[in-house]
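If you use my numbering, the sequence shown corresponds to residues 307 to 693, in order. Notes to accompany the following structure.
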Amino acid sequence: MQIGLDTVEEFWNWDQVEQSRARARVTSREAFQDEFGYFIGVGAERVYSMPSGHQGLEWLLRARLDSRRHVMVPAFNCSVVQDAVTAAGLQSQLYDFSPQPGIFEWERVIEEMTPNVGVLIVTHYFGVPVDFRPVLDHCAARGIIVIEDCAHTLGGAVGGQQVGTLGDATIFSFNYDKPISLGWGGVAVMNNMSAFDATLASGYRVPETGEEMALLRQFASAMAERRRMIPYQNLLPTRLLHRLRVLKSHSFRTSRNISIGAVQAELGRWCLAQYPEVLQVRKRNAETLAAYVPLQTWPVDEAVEPAWVKQKVHIPDEHRRQSLSSGFQRKGIRAGNFNWPSLIDGQGREGCHQALDAATNWIDVPVHQNLTDSTMAQLIDGFKETV
């Protein structure tokens with residue numbers, strides 16, 4: 307039995323953590339912010355370290371100078387995005403794909419913008435950028451702040467320009483299932499400094515090295531256990547033991563106020579250096595699946611350059627979808643309907659039919675750098691058998 311192939315996996319091991327600890331200095335966080343900014347094409351003074359991507363979003367929403375209370379958010383989204391909007395004291399107004407998941411008709415989105423809308427969030431899904439350039443002039447003319455959600459997408463481009471640099475602001479995430487994982491953390495980027503109060507206190511703290519190393523050990527242990535359990539997650543005994551709380555959770559959490567530390571910063575610098583090569587492997591795997599899987603995969607607009615973190619496959623038949631996902635997981639390959647199986651809450655939710663299709667009928671498929679040719683063949687053969 308194949309064990310431990312997660313949907314997304316980090317590309318470092320504990321040796322890199324120890325080496326990062328040896329390199330850690332007081333200046334490490336500043337150096338990481340500088341190199342991260344250089345990677346995406348902005349100055350380091352625009353990059354702010356955060357405990358997570360969604361807390362970066364909350365901070366940006368609180369720091370904006372506009373007083374309008376509505377935020378337009380794609381209905382197909384992670385619940386923590388909605389949490390950030392609510393925590394900032396704002397209301398979500400949802401918008402839908404059209405004519406299919408992954409594609410937007412921006413004229414329609416513009417028509418749905420009410421006078422109360424002060425922010426438009428654009429989500430770049432699964433490493434595939436969304437070409438939102440048609441909406442930029444409209445938003446600029448009306449003072450609507452555009453925030454790119456790049457939690458899934460680092461290194462992609464729209465019209466040759468890096469995602470994260472087109473909007474007024476951006477968030478990136480370093481959670482376990484993101485393009486670069488550092489255990490936790492994220493960054494907020496202010497491209498349009500005039501739209502925000504950058505002096506707004508975040509209330510976050512930097513962990514001392516001992517605390518940071520202890521948390522990184524907990525993270526590594528949680529990921530190892532999570533991946534060990536992949537073949538057993540859908541078995542009845544496992545579900546019963548979880549329900550009875552006999553099995554311990556393998557999730558990892560930090561305190562909300564802990565930002566990126568010096569060790570993570572050095573690990574992040576190492577990851578940035580390796581990332582272009584890793585990205586090419588992920589891209590090749592995603593394109594191979596798209597070419598050989600006889601089902602619809604996530605659409606890629608001709609004007610964008612993807613930076614795949616996972617592939618998505620459309621399986622509208624519920625029985626086939628569940629059977630295929632369970633079969634992969636029994637083999638130790640975590641594929642299934644994980645991101646995200648339900649729509650977020652907000653105004654207009656009931657009319658978001660394409661988003662509901664994305665939430666219901668698409669499954670996540672790994673394309674990461676740790677997949678072997680044998681695993682890729684198993685994935686392709688598994689999908690072919692469903693047709």
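Where is the CB? At the ideal position from N, CA and C, for every residue including glycine. Because the structure is a prediction, the values reported are computed rather than measured.
- Contact fails between the segment 495 to 507 and the segment 640 to 650, because fewer than three Cβ pairs, one in each stretch, are under 8 Å apart.
- Unbroken beta strand (DSSP E) stretches of 3 residues or longer found wholly inside the segment 396 to 438: 397 to 401 and 423 to 429, given in chain order.
- Closest in alpha carbon position to residue 362, among 617, 490, 589 and 590, is 490.
- Across the set 482, 481, 480 and 457, the C-alpha of 457 shows the shortest separation from the C-alpha of residue 470.
- If you look at residue 617, you'll find it in the beta strand (DSSP E) that goes 617 to 620.
- Three or more Cβ pairs drawn from the segment 440 to 457 and the segment 365 to 376 lie within less than 8 Å of each other, which places the two stretches in contact.
- For the options 413, 424 and 359, the alpha carbon positioned closest to that of residue 459 is the one of 359.
- Excluding five sequence positions before and after residue 659, the CB atoms of its chain that fall closer than 8 Å to its own CB belong to 402, given in chain order.
- According to DSSP, residue pairing for residue 565 in a beta bridge does not occur.
- Straight across, the Cα-Cα distance linking residue 682 with residue 315 is about 15 Å.
- Judged by DSSP secondary structure, residue 323 falls within the alpha helix (DSSP H) whose first and last residues are 320 to 329.
- By the CB criterion at 8 Å, residue 493 and residue 342 fall inside the cutoff.
- The Cβ atoms of residue 436 and residue 423 do not sit closer than 8 Å to each other.
- Taking C-alpha positions only, residue 692 is separated from residue 609 by approximately 32 Å.
- Here residue 366 is not near residue 379, since their CB atoms are 8 Å or more apart.
- In the structure shown, residue 536 adopts helical secondary structure according to DSSP, grouped into three states.
- Rounded to whole angstroms, the separation of the alpha carbons of residue 604 and residue 649 is 18 Å.
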